[in-house]
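What follows is one structure encoded as structure tokens, with my remarks underneath.
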Amino acid sequence: MVRTALTELQRESYVNATLCLMDPDQAPARVGSWGARSRWEELLVAHIAQVRYIHTVGALFPWHRWYTKIHEDLLRNECGYVGPYPYWDEQADQAINPIANASVWDHPSSNTSSVPAFGTGRTDENSCILDGAFKNYRVQISTQLERSEPGACLTRALNQTAFDTVSQKNVVEPCMEIPSDDYAQMLGCLGNSPHSGGHLGVGGIMRDHARSPVDPIFWLHHTNFDRLWWEWQSANLSARLYAMGGPNVANGQIFIDAQPAILPIEAFVPYFGDDGKNTTTLDHVLWMPGLAENITIRDVMDIRSDLMCFSYA
């Protein structure tokens with residue numbers, strides 16, 4: 001399956017499938033972890049539950065590769081989506097457009113679709129999104145995996161300075177040109193600004209390290225992030241296809257604070273499969289609380305495999 005940008009008709013279909021995943025009646029939770037009521041909330045709690053162990057660590061790229069694949073499978077298998085799984089080419093947008101005019105937003109003057117999509121980027125005084133298909137969605141799960149009703153709106157706060165850090169010319173190309181096949185070194189470059197710049201550029205709940213997947217823009221951003229990793233891998237497949245490394249635990253205070261108190265470090269480190277060490281290996285276990293089977297990083301390294309089975313256009 002090819003991952004690419006969407007036509008207007010495909011965008012409408014993708015948005016409808018996303019709304020389906022958000023709806024407890026159309027896509028009810030199968031596991032119900034931490035009170036999740038829909039498949040969308042189950043995706044969210046999987047990210048909240050282990051925020052300290054999937055950011056600024058070796059598992060950053062492979063965990064999110066598997067995460068986007070699970071999201072794609074849910075769209076297709078439970079909500080009937082048949083179009084391409086999309087990414088937001090942030091580098092192309094940043095080169096020619098201010099973020100407020102990015103291709104991912106709705107542009108009513110030129111949009112031929114009768115169905116609103118990701119919104120125009122406009123927000124009210126509380127940063128709540130004002131338009132688009134998701135303007136009425138309520139975020140009801142906290143960073144401590146507790147439910148609160150009626151919940152909060154989806155928020156955004158576009159930030160050009162942050163978005164400029166995804167630049168192809170100034171950031172991505174220098175990362176790609178580092179003459180090293182060392183994964184940990186790549187992680188410190190591609191895994192830095194090209195990742196955070198998309199989150200901080202959109203702002204609002206996309207700045208929330210734990211709950212950012214609740215904004216549908218997250219998935220387009222992270223699929224693009226994975227595209228960059230695959231580009232790096234593809235530049236020297238013999239050395240990079242199975243290159244892995246980096247730490248297992250994020251020690252930054254923001255991630256320590258974001259990790260739910262009910263899931264301390266002891267709930268993870270003994271089960272990572274890395275011989276108890278703080279270096280990520282290909283045997284590291286990727287956990288998706290009931291959404292999919294536990295697999296290892298080794299299983300997701302090659303997007304051409306039968307398990308992953310996708311490419312980028």
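Going left to right, the sequence shown walks through residues 1 to 313 as the UniProt record's numbering numbers them.
Ideal Cβ placement from N, Cα and C applies to all residues, glycine included.
For residue 138, the enclosing beta strand (DSSP E) stretches over residues 138 to 141. In the structure shown, residue 57 falls within a coil segment according to DSSP collapsed to helix, strand and coil.
Going by C-alpha positions, residue 303 is about 35 Å away from residue 146.
Counting C-beta pairs with one atom in each stretch, the segment 221 to 238 and the segment 64 to 73 have three or more that are closer than 8 Å, which means they touch. As a beta-bridge residue in DSSP terms, residue 85 pairs with 3. It is roughly 44 Å from the alpha-carbon of residue 265 to the alpha-carbon of residue 8.
Scanning the segment 189 to 239 from its first residue to its last, the whole alpha helix (DSSP H) runs of 4-plus residues come out as 193 to 202, 217 to 234. As the crow flies, the alpha-carbon of residue 96 is around 12 Å from that of residue 169.
Cβ atoms of residue 42 and residue 49 stay farther apart than 8 Å, at about 11 Å. The DSSP-derived three-state label of residue 153 is strand. With three or more CB-CB distances shorter than 8 Å, the segment 92 to 107 counts as touching the segment 115 to 124.
For residue 10, the uninterrupted alpha helix (DSSP H) segment begins and ends at 8 to 22. In the structure shown, residue 38 falls within a strand segment according to DSSP collapsed to helix, strand and coil. Here residue 286 is bridged, per DSSP, to 295. In this structure, DSSP gives residue 28 an extended state, which the three-state scheme calls strand. Below 8 Å, too few C-beta pairs join the segment 13 to 26 and the segment 193 to 213 to call them touching: fewer than three. For residue 96, the enclosing alpha helix (DSSP H) covers residues 90 to 96. Of all alpha-carbon atoms in 255, 3, 46, 259, the one lying nearest the alpha-carbon of residue 293 is that of 46. Here residue 137 is buried. Its C-beta has 16 or more other C-beta atoms within 10 Å. Residue 23 and residue 79 have their C-alpha atoms spaced approximately 10 Å apart. A distance below 7 Å separates the beta carbons of residue 99 and residue 201. The straight-line gap separating the alpha-carbon atoms of residue 75 and residue 81 is approximately 6 Å. In the DSSP secondary-structure assignment, residue 128 is bridged to 155. Annotated three-state conformation of residue 242 is coil, per DSSP.
In this structure, residue 86 and residue 187 do not form a Cβ contact; the two beta carbons are roughly 25 Å apart against a cut-off of 8 Å. The DSSP-derived three-state label of residue 305 is coil. Boundaries of the alpha helix (DSSP H) harbouring residue 187: 183 to 187, taken from the DSSP string.
Between residue 38 and residue 289 a beta carbon distance of about 15 Å is seen, past the 8 Å cut, so the two are scored as non-contacting.
Less than 7 Å separates the beta-carbon of residue 273 from that of residue 285.
Counting along the chain, the unbroken alpha helix (DSSP H) around residue 257 starts and ends at 253 to 258.
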